Amino acid sequence: MRNEAPETMTGHCLCGAVRLSVAHPVREASACHCAMCRRWSGAAIWGFEAPAEAVTVQGPVETYRSSSFAERAWCRRCGTHLWIRDDGEGFDLTPGLFDDAADFVLTREVYADRAFDCVSLAGGHARVKRADYERDHPFVEDKP
Ligand SMILES: [Zn+2]
Ligand SMILES: [Zn+2]
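Heads up, the sequence shown is in the UniProt record's numbering, so the first residue is 1 and it goes up one at a time.
In structure tokens form, the structure reads like this:
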């Protein structure tokens with residue numbers, strides 16, 4: 001357990017061209033198993049929320065509108081996944097960009113009933129099923 005969390009956490013993509021910082025990170029992560037996240041990431045994607053004003057980004061970022069209300073971003077040079085962001089909302093950043101995220105606590109799995117058999121996450125975190133998530137949030141389960 002960390003005694004003193006850094007006030008500002010810095011991170012970077014695989015090639016180092018994209019540099020990010022997050023002020024006062026929440027130190028909690030969630031995982032998503034929706035069809036789009038499975039396809040984009042390989043199996044599941046982890047994210048942690050940060051308000052827009054807490055995040056700085058430098059470098060060659062490419063984005064894709066994966067749904068009508070959200071974008072996904074990656075490094076143009078090395079392809080490292082950076083974030084998913086709903087329009088007008090804060091960032092959902094990938095923890096792996098930040099060495100300081102190693103002790104982040106998993107608080108929630110979304111689309112838990114859609115997880116691949118090879119992605120089984122232990123622990124007492126919340127497990128939100130597809131139907132429950134889609135009742136409360138805009139969604140696109142998959143694209144053609
Ligand atoms: Zn890169
Ligand atoms: Zn997802």
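Yeah, the Cβ is synthetic: ideal placement off N, Cα and C, and Gly gets one too.
Everything numeric in this text was worked out from a predicted model, so none of it was measured.
Between R108 and H81, the CB-CB gap reaches or exceeds 8 Å. For A43, no pairing in a beta bridge is given by DSSP. Look at which beta carbons fall closer than 6 Å to any heavy atom of ligand 2; those residues are C32, C34, M36 and C37.
The beta-carbon distance between A115 and H24, rounded to whole angstroms, is 30 Å. This is too long to meet the 8 Å contact definition. For a cut-off of 8 Å, the C-beta gap from A29 to A44 is around 11 Å, too long to register as a contact.
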